[in-house]
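Residue numbers (our numbering), protein chains in the order written: chain A, 1 to 281; chain B, 1 to 153; chain C, 1 to 777.
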Amino acid sequence: MIPREFDYEAPTSLQETLQLIASGERKLLAGGMSLIPMMKLRLATPDSLVDLGRVPGLNHIVESSGTLQIGATATHHDIETFPLIRGRCPLLAEAASHIGDVQVRNRGTIGGSIAHADPAADYPAALLALEAQIRLVSASSDRIVPAVEFFLDAFTTALEPGEIVVEVLVPAEPGAEGYSYEKAPHPASGFAIVGVAARIQRSGGKISLARIGVTGLGARAFRAMEAERLLESGSSLDQAVATVGEGEDANSDLYASAEYRKHLARVRAKRALEVALRRAS
Amino acid sequence: MKISGEYLLPVSRDDAYTILQDPAMLARAIPGCETLEKIADNEYHMKMKMVLASMSGLFDGKVRIADPNPVSQFRLIVDGAGKIGFMKGDGLLTLTPADGGTNVHYDGSVEVGGTIAGVGQRLLDTTAKMLIKRFFTKLNTEVAGSAASSGKG
Amino acid sequence: MATTTVKPETLVGKKVRRREDPRLITGTATYLDDIKLPGMYHACVVRSPYGAARIKSVNIKPALELPGVAAIFTGDDVKDLPSVPCVAQLPGLRMPHHHMLAQDRVYFVGHPIAVVVARDRYLAADAADAVEVEYEELPAVADPEKALAPGSPAVHPQWPDNTAFTFHQEGGHIEEAFREADVIVKQRITSQRLIPMAMETRGVVADWHAAEKSLTLYSSSQAPHLLRSLLAGIFGIPENRLRVVAPEVGGGFGSKIDIYAEDMLMTFVTQRLNKPVKWVESRRENFLGTIHGRGHVDYYELAAKRDGTMLGLKLKIIQDLGAYLQLLTPAIPTLSVLMMPGLYKFKHISADVIGAFTNCFPTDAYRGAGRPEATHGIERMVDILAAELKMDPAELRLKNFPAPEEFPFPTATGLAYDSGNYALPLKTALAEVEYDKLREEQKQGRQTGKLLGIGMSAYGEICAFGPSPATPTGGWESATVKIEPSGKVTILTGASPHGQGEETTFAQIAADELGVNIDDIVVYHGDTQLVQYGIGTFGSRGTAIGGAALYYALQELKEKIKKFGATLLEANQVSLSGGACIDEKSGKSVSFAEIAAAAYRALKLPPNTQPGLVATHFWEPPNFTFPFGAHVVITEVDRETGEIAIRRYVAVDDCGKIINPLLVAGQVHGGVAQGLGQALWEQAVYDDNGQLLTGELTDYAVPRAHMMPWIEASHTVTPSPVNPLGVKGVGEAGTIGCSPAVVNSVVDALSHLGVRHLDMPLTPEKIWRIVQAGGQA
Ligand SMILES: Cc1cc2nc3c(=O)[nH]c(=O)nc-3n(C[C@H](O)[C@H](O)[C@H](O)COP(=O)(O)OP(=O)(O)OC[C@H]3O[C@@H](n4cnc5c(N)ncnc54)[C@H](O)[C@@H]3O)c2cc1C
């Protein structure tokens with residue numbers, strides 16, 4: 001449980017950070033809640049770490065013209081508790097509240113979590129349901145990628161070498177929107193066996209918008225688009241959730257088989273939608 | 001751990017059978033493969049650098065082709081050991097002609113040991129599947145590439 | 001002379017706050033890893049990644065060349081040293097030589113191969129990584145039933161049947177019971193392998209003083225004197241030159257009674273290098289190289305009359321021993337046999353134990369040690385019988401308890417249960433949950449598909465290990481009480497508390513007996529140079545035996561105090577009360593401090609009395625104690641997901657007299673947490689190659705605070721006649737009572753579907769599948 005020797009640098013500007021990582025040799029360190037355990041087990045043996053902790057202007061949470069801008073180093077605890085997020089994007093706050101334990105939430109960051117792209121992480125489900133966007137910056141580029149295009153596979157994202165997540169952009173809640181995050185945690189790790197984030201908007205007694213993000217079930221989080229479509233076209237909840245995870249090559253481990261996970265995803269999706277529907281009215 | 005699945009290679013069964021046993025092709029397609037040297041008929045020494053998220057590890061091992069039954073079936077046996085543990089994969093590959101190419105069905109088992117086995121339960125299945133997917137995806141691009149360069153595509 | 005005496009408040013029975021806590025809460029306690037000696041080296045152990053393999057070569061050269069590396073030792077260096085000790089004895093027991101470093105083969109994942117010693121722990125870890133070991137993997141077997149099957153790989157090549165021992169015990173006439181029976185119920189019941197997971201991992205600092213040929217060894221141990229005796233024997237160091245210190249110990253749960261390879265290795269290394277050396281176990285090593293618990297596959301048969309009278313019980317235990325025998329490994333399942341009748345009046349029993357070697361780390365005593373397995377088994381069997389007879393499980397239990405006047409109650413396994421009123425806690429717990437109302441609710445709920453479970457266990461346990469003939473380590477305990485010349489009181493106990501809080505309870509006992517302020521008393525333990533020989537803390541023995549030894553030492557000392565008091569008061573008859581001796585005739589008194597001063601100044605000695613106020617007492621208990629109780633658990637099962645919610649957890653425990661209710665509550669809560677862990681979440685899973693798949697806290701599910709239900713704990717009090725304090729022991733009760741109550745509750749919730757039994761842990765998927773299949777397993 002002792003890491004291999006490594007160099008440590010703590011730049012104090014984004015510019016400096018981007019230059020340091022441009023070569024692709026150095027590894028970023030944010031909250032360390034995913035990286036450090038791997039290093040202690042010597043499963044990760046980076047030669048050099050670049051700590052984002054002292055880079056100013058990376059942990060902002062602000063609203064500008066209907067969009068919440070959340071800096072990459074905002075912690076899970078910030079996101080869980082910040083009034084702006086609780087008020088304007090309660091789904092994200094709710095998802096954050098389910099991450100790990102207090103210590104993990106105090107240190108872990110949203111940028112680190114999405115860059116790491118654990119197939120059972122909580123944020124991806126919420127960010128997909130929110131149709132969030134992710135801003136990626138390198139020494140030579142600055143681009144915005146929609147969440148659906150960001151999460152590619154287990155531990156694999158659209159991040160290019162030398163690029164860093166600088167902020168996450170989520171639409172501020174328009175008003176009477178319903179939402180819910182339903183999670184079945186693994187009793188040891190706390191990670192999601194499955195987690196389902198749901199958003200519902202209603203108009204005239206009908207569902208005008210349904211968004212469902214699912215994590216834990218497959219290699220990466222995904223949107224249950226068929227279920228969304230069915231709900232928006234007036235199908236019943238049961239019909240809609242029966243399509244969640246269809247065709248997905250579900251994960252399995254000692255605790256939950258692929259078959260059970262798929263079933264659980266549907267049950268949890270239904271429960272999330274029920275709560276979201278209630279909250280939407 | 002049992003694993004199985006199938007992939008479509010956009011080539012004829014004869015070509016698929018050859019490609020899947022071609023050391024140069026394997027070297028390019030096996031995720032992380034750094035060197036692949038022949039040590040005997042159908043047996044190769046392999047050095048691999050596995051990189052997955054923040055994890056990485058060097059493995060030293062062997063790739064072996066066994067029980068060949070041209071052009072429909074053979075076993076691919078891969079094993080490697082490194083500081084972070086060891087792994088062994090033994091898969092039976094069955095090739096059947098299909099629309100648009102050859103269907104490669106694999107059915108086998110993966111065994112891991114050491115640190116990776118003891119601390120990565122939650123992710124083993126997902127990771128194994130992902131590595132296999134990477135293998136076939138790479139193979140597909142290689143096949144497409146060589147088809148293009150030889151003017152057949 | 002002062003003449004006022006105040007009747008002091010008695011402390012025994014009061015919620016006195018733990019005196020240990022300030023140093024723990026403020027982070028100033030000294031745990032093993034806090035010990036730093038000048039010039040100290042650090043060790044790191046190279047371990048096998050294979051469950052079974054031949055070692056083809058070990059190349060230490062690249063590691064030796066690294067900066068700061070002092071030495072590396074391998075199997076060859078220690079090949080002539082004795083085995084890691086097992087003190088349990090059974091007829092015909094096969095005892096493999098457990099070298100502290102592997103010789104030509106490894107037998108489990110984590111098997112130590114080499115020890116690297118370096119200037120600091122970081123260099124040691126790097127160098128350990130640089131040791132090159134070549135293996136040839138061999139077939140392994142990790143499941144005890146598979147190990148016993150013909151043709152299985154042999155863990156030890158010399159014993160192809162993988163059988164370490166077989167053990168048989170009988171009482172009464174079992175075949176007769178089965179002939180007379182109206183009903184016989186049978187069930188295979190498992191108690192899965194668990195990992196004790198003390199918050200503080202193990203660690204050792206060994207410090208050899210070459211000039212004095214003496215050794216000081218610090219170890220995170222539950223039994224320092226035992227460690228001293230065994231190490232002395234192994235290394236030929238005279239015991240009076242070997243000091244073992246157990247510093248602050250952060251939990252043990254049985255896992256720190258053992259003498260481990262690393263205790264021996266560090267002793268070896270410090271002698272070879274003439275430098276102090278430290279090894280601290282990582283959490284990962286704790287998973288792989290500290291004893292596990294349970295690991296039972298049990299086959300039960302219970303014979304009964306149609307009216308519910310239980311007649312006979314047959315049990316076959318297959319014990320997963322692991323690859324080696326640690327300190328008490330083979331003895332643990334024999335404790336299950338002793339307690340197999342539970343609280344019921346079986347006249348006839350028959351038990352067979354088969355100890356199976358597997359390519360896993362050894363099992364040994366983990367909280368409850370053999371009794372949770374036995375209790376889980378019998379309490380499940382009683383429910384299965386109740387279902388078979390269509391009888392209420394509470395009624396069936398009440399029918400088969402011995403009555404309070406039948407104590408001491410002789411069991412068919414040869415024990416004499418000391419005292420008990422077994423119906424009382426069960427009735428109390430059932431009343432507490434309003435049992436009849438709940439049954440009604442359950443019936444109603446089933447109409448709408450609601451799955452409500454009402455489960456109970458009436459557990460008994462054997463504690464206060466124990467009379468010496470029954471305890472391989474010796475079963476007595478010792479205490480010394482010294483009254484210093486200033487009147488302050490020092491207690492030295494041979495028990496070795498590591499979280500239980502005897503620094504508080506023992507001080508309460510002494511404060512009451514001597515009538516002094518508790519702040520004038522200090523309790524020391526865990527240092528063999530300071531404390532007279534003792535046995536240690538395990539098997540819920542600390543207070544029931546150590547406390548009793550203290551009580552007797554106090555009585556001896558009180559006699560001497562009174563003699564000095566009488567001399568000072570020039571009285572014939574004095575009594576001791578409120579921290580003073582009082583002349584009953586004149587009412588004059590002399591204070592404790594005055595007596596102490598006089599006893600050491602020695603100007604005027606009582607007849608036939610020497611100076612000083614010190615008493616040491618070694619106490620051999622005449623019997624075990626037998627705590628008991630009832631746990632009732634109300635669960636709700638989510639039909640769609642299989643998830644289990646605990647609605648109420650009611651525990652009514654009887655641990656005899658209670659010295660400190662706060663500490664008893666702490667023990668019950670912690671015990672229940674570990675019982676729930678077994679019932680619902682924890683399991684050590686090895687694959688067929690002996691890989692421990694649940695080898696870190698990301699996969700091995702130890703219960704955490706937010707997973708715990710509210711525990712409604714209360715007590716009945718049936719004093720034990722075995723010791724003068726009337727205490728029985730409570731360290732393991734929570735664990736023992738818990739798992740059967742939880743499983744019985746969940747089985748009860750599903751019983752109308754035809755579910756009769758479920759093996760632990762009750763994972764949601766397991767439950768979901770059963771519900772899906774309409775109750776068919
Ligand atoms: C006990 C425990 C329980 C947990 N439970 C959960 C859970 O229930 N749900 C859940 O979702 N997560 C869980 N986690 C993971 C946790 O949320 C981590 O905080 C998160 O995955 C990583 O964030 P971090 O800031 O700690 O990143 P780090 O560990 O510092 O970094 C992770 C990776 O991301 C890279 N990185 C970091 N920041 C950036 C950036 N801005 N741009 C590009 N790359 C970057 C790093 O180089 C590294 O590769 C748990 C972790 C622990 C230890």
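Each residue gets a CB set at the ideal place from its N, CA and C atoms; glycine is no exception.
> Residues in the segment 670 to 698 of chain C with C-beta within 7 Å of chain B's C-beta atoms, listed in sequence order?
Replying inline: Asn689, Gln691, Leu692, Leu693, Thr694, Gly695, Glu696 and Thr698
>> Within 8 Å of any Cβ in chain C, is that where the Cβ of Val267(A) sits?
In response: For the purposes of this step, residue 267(A) is identified with residue 267 of the first sequence, where counting begins at 1. Val267(A) counts as touching chain C.
> Counting pairs of Cβ atoms below 8 Å between the segment 649 to 662 of chain C and the segment 513 to 528 of chain C, do you hit three or more?
Replying inline: no
> Whose C-beta lies closer than 6 Å to the C-beta of Ala29(C) among residues of the same chain, with five residues either side of it excluded?
Replying inline: The count along the third sequence starts at 1 and reaches residue 29(C) at position 29. Result list for Ala29(C): Arg23 and Glu248, in chain order.
>> What are the residues in the segment 44 to 66 of chain B lying within 9 Å of chain A by C-beta distance?
In response: Leu52, Ala53, Ser54, Met55, Ser56 and Gly57
>> Let's see if you can read the secondary structure: which residues bound the beta strand (DSSP E) around Glu636(C)?
In response: For the purposes of this step, residue 636(C) is identified with residue 636 of the third sequence, where counting begins at 1. It spans Phe628 to Val637 - the beta strand (DSSP E) in which Glu636(C) sits, taken as one unbroken run.
>> Could you give the first and the last residue of the continuous beta strand (DSSP E) run that contains Tyr181(A)?
In response: The sequence position of residue 181(A) within the first sequence is 181, counting from 1. From DSSP, the beta strand (DSSP E) with Tyr181(A) extends over Gly178 to Pro185.
> Pairing CB atoms from the segment 206 to 214 of chain C with CB atoms from the segment 476 to 486 of chain C, are three or more of them under 8 Å?
Replying inline: no
> Using a C-beta to C-beta distance shorter than 9 Å, which residues of chain B count as neighbours of His186(A)?
Replying inline: Within the first sequence, numbered from 1, the residue matching residue 186(A) stands at position 186. Simply Arg122.
>> Less than 7 Å between C-beta atoms, sequence neighbours within five positions excluded: which residues of the same chain meet that for Pro38(C)?
In response: As a first step, residue 38(C) must be located in the third sequence, where it is residue number 38. So the list is empty, once near-sequence residues are dropped.
> Does any residue of chain B bring its CB to less than 8 Å from the CB of Lys262(A)?
Replying inline: Start at 1 with the first residue of the first sequence, and residue 262(A) comes out as number 262. Chain B, which has no Cβ nearer than 8 Å to the Cβ of Lys262(A), makes this no.
> For chain A, is any of its Cβ atoms less than 8 Å away from the one on Met130(B)?
Replying inline: Your numbering for residue 130(B) matches position 130 in the second sequence. Chain A, which has a Cβ nearer than 8 Å to the Cβ of Met130(B), makes this yes.
> Looking only at DSSP bridge pairs, what is Met87(B) linked to?
Replying inline: The residue you call residue 87(B) lines up with position 87 of the second sequence. BP columns for Met87(B) point to Gly80(B) and Val112(B).
>> Does any residue of chain A have a CB that is nearer than 8 Å to the CB of Lys138(B)?
In response: Counting from one through the second sequence, the residue named residue 138(B) turns up at place 138. With 8 Å as the cut-off, Lys138(B) does not count as an interface residue toward chain A.
>> Bridge partners for Glu137(C) per DSSP, in chain order?
In response: Within the third sequence, the letter at position 137 stands for residue 137(C). The partner list for Glu137(C) (beta bridge, DSSP) reads Ala53(C).
>> Below 7 Å on C-beta distance, what does Pro196(C) contact in chain B?
In response: Position 196 of the third sequence, counting from 1, holds the residue named residue 196(C). Chain B residues near Pro196(C): none, gap ~17 Å exceeds 7 Å.
> For Ile545(C), which option in Thr471(C), Ala705(C), Leu758(C) and Glu176(C) has the closest C-alpha, if you only look at C-alpha atoms?
Replying inline: As a position in the third sequence, residue 545(C) is number 545, starting the count at 1. The residue with the shortest Cα to Cα distance from Ile545(C) is Thr471(C).
> Which first and last residues belong to the beta strand (DSSP E) in which Asn69(B) is found?
Replying inline: On the second sequence, residue 69(B) is found 69 positions in, with the first residue counted as 1. Element bounds for Asn69(B): Met55 to Asn69.
> Can you tell me whether DSSP reads Phe506(C) as helix, strand or coil?
Replying inline: Taking the first residue of the third sequence as position 1, residue 506(C) is located at position 506. Here Phe506(C) sits in helix by DSSP.
> Got a sec: does ligand 1 put a non-hydrogen atom nearer than 7 Å to the Cβ of Met33(A)?
Replying inline: Working through the first sequence from its first residue, we reach residue 33(A) at position 33. The answer is yes for Met33(A).
> When DSSP labels each residue in this structure, what does Gly737(C) get in the three-state scheme?
Replying inline: If you number the third sequence from 1, residue 737(C) lands on position 737. Gly737(C) falls in the helix class under three-state DSSP.
> Hey, quick one: how far does the alpha helix (DSSP H) through Ser97(A) stretch, first residue to last?
Replying inline: Here residue 97(A) corresponds to residue number 97 of the first sequence, with the count starting at 1. From DSSP, the alpha helix (DSSP H) with Ser97(A) extends over Pro90 to Ser97.
> From Ala125(C) to Pro161(A), what does the alpha carbon distance come to, in whole angstroms?
Replying inline: For the purposes of this step, residue 125(C) is taken as residue 125 along the third sequence, with counting starting at 1. For the purposes of this step, residue 161(A) is taken as residue 161 along the first sequence, with counting starting at 1. Computed Cα separation, rounded: 31 Å.
> Tell me the DSSP bridge mates of Leu692(C)?
Replying inline: Within the third sequence, numbered from 1, the residue matching residue 692(C) stands at position 692. DSSP lists Tyr686(C) as partners of Leu692(C).
> Hey, is Phe626(C) close to ligand 1, as in C-beta under 7 Å from one of its heavy atoms?
Replying inline: Stepping through the third sequence from its first residue, residue 626(C) is reached at position 626. No, the Cβ of Phe626(C) stays beyond 7 Å of every heavy atom of ligand 1.
>> Restricting to runs no shorter than 4 residues, where is the alpha helix (DSSP H) found entirely within the segment 4 to 47 of chain A?
In response: 14 to 21 and 35 to 40
> Any heavy atom of ligand 1 within a distance shorter than 7 Å of the CB on Gly57(A)?
Replying inline: Along the first sequence, one-based indexing puts residue 57(A) at 57. Flag unset: Cβ of Gly57(A) not near ligand 1.
>> So for Lys133(B), helix, strand or coil by DSSP?
In response: Position 133 of the second sequence, counted from the start, is the residue given in the question as residue 133(B). Looking at Lys133(B) - three-state DSSP - the assignment turns out to be helix.
>> Against Asp129(C), what residues of chain B qualify as contacts under a CB-to-CB distance less than 7 Å, listed in chain order?
In response: Here residue 129(C) refers to the residue found at position 129 when the third sequence is read from its first residue. Within chain B, the residues near Asp129(C) are Lys83.
> At least one CB of chain A closer than 8 Å to the CB of Thr127(B): is that the case?
Replying inline: Translated into the one-based positions of the second sequence, residue 127(B) becomes position 127. Chain A, which has a Cβ nearer than 8 Å to the Cβ of Thr127(B), makes this yes.
> Is there a Cβ from chain A that is less than 8 Å from the Cβ of Glu640(C)?
Replying inline: As a working note, residue 640(C) is residue 640 in the third sequence. Chain A contact via Cβ: present.
> Going along chain A, which residues have a C-beta under 7 Å from Val119(B)?
Replying inline: Here residue 119(B) refers to the residue found at position 119 of the second sequence. The answer, in chain order, is Leu41.
>> Looking only at its chain, what residues have a beta carbon closer than 6 Å to the beta carbon of Gly171(C), apart from the 5 residues adjacent to it on each side?
In response: The residue labelled residue 171(C) in the question sits at position 171 within the third sequence. Excluding sequence neighbours, Gly171(C) sits near Ile349, Ala412 and Thr413.
>> For Gln529(C), count the other beta carbons within 10 Å of its own beta carbon; 16 or more makes it buried, fewer makes it exposed. Which is it?
In response: Residue numbering aside, residue 529(C) sits at position 529 when the third sequence is read from its first letter. Label assigned to Gln529(C): exposed.
> Between the segment 694 to 712 of chain C and the segment 181 to 190 of chain A, do three or more beta carbon pairs fall short of 8 Å?
Replying inline: yes
> Mind pulling the chain A residues with CB within less than 8 Å of Arg283(C)?
Replying inline: The residue labelled residue 283(C) in the question sits at position 283 within the third sequence. Simply Met1.
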